[in-house]
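Take 23 as the starting number for the sequence shown in the numbering used here and just add one per residue.
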Amino acid sequence: MINNILKIVLSIAAVFLAYMVYDSIASEMRYRDEVEEVEAQVIKKLEDIRLAQLTYKEEKGKFTNDFDTLIDYLKHGRIKVVVQYGDRDDSTTNFREEVSYVAILDTLFKDINIDSLAFVPPYDTARFLMDAMMITQGNVEVPVFKVEDPHPFDKKRRNPNDPKKPLQVGSLSEATYSGNWK
C-alpha cells in the first residue's frame, strides 16, 4: 500500500517537474518572440526619425535636437522636386528642368503618424532621446545626430555590461546615420 502511494506521489512530482521545465523554456521563447516584435516596432520608428532628420538637414543644413521643431517642419515644410527632360550632356536634345515644391507630410510621411514620432513603441509613453551637433571629421565640420531608445524592452539591452546596447540610429562621434541593429 505504501509502495503504491509512493509511486503515485513520485509520478505526480515527475509530471510537475516536467511541466516546470517545459514552462520555463516556453516562457523564454514567448519572451524572445515578444522582444522581436517590440524591437521591430522601435526600429521602424527609428528609421522614420532618420528619414525625418535627413529631410530636415536637406533643407536646413543641419540636424535638430528637438522633436517639436522636427515635427513642425514635417507638418509645414516643403521639399523641392526637380524633373529633368532630355540629356544635359547631349547637344541634340532640348534639355530643361522643372522645379516644384510639395508638402513633406503629403509625400514622404503620408502613412506615418508624425505626432507620435517622438514616442517609443509599443506603449508610446517614453520619448526617444535625441541629440544633434556639429563635429569635425577630416578637417570638415559635419552635422550629426543620435536617437536612442531610453527604456529598452529587452532586458539584455538595459544592462550596461552586455554587448547588446539600446537601439539607436546615428552617432555623435562620427558621421553615420545607420542603426546599431544591423
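Backbone N, C-alpha and C define an ideal beta-carbon position, used for all residues, glycine too. Keep in mind it's a predicted model, so treat the numbers as computed, not measured.
**Message:** Less than 8 Å between the C-beta atoms of residue 100 and residue 125, yes or no?
**Reply:** yes
**Message:** Please report the straight-line C-alpha distance between residue 157 and residue 41, rounded to a whole angstrom.
**Reply:** 57 Å
**Message:** For residue 142, tell me which candidate among 132, 136, 172, 166 has the shortest Cα-Cα distance.
**Reply:** 172
**Prompt:** Taking the continuous alpha helix (DSSP H) assigned at residue 126, which residues delimit it?
**Reply:** 126 to 129
**Asked** Is residue 32 helix, strand or coil when you go by DSSP?
**Response** helix
**Asked** What number of angstroms, rounded off, separates the C-alpha of residue 177 from the C-alpha of residue 185?
**Response** 12 Å
**Item:** 8 Å Cβ cutoff met for residue 130 and residue 91
**Value:** no
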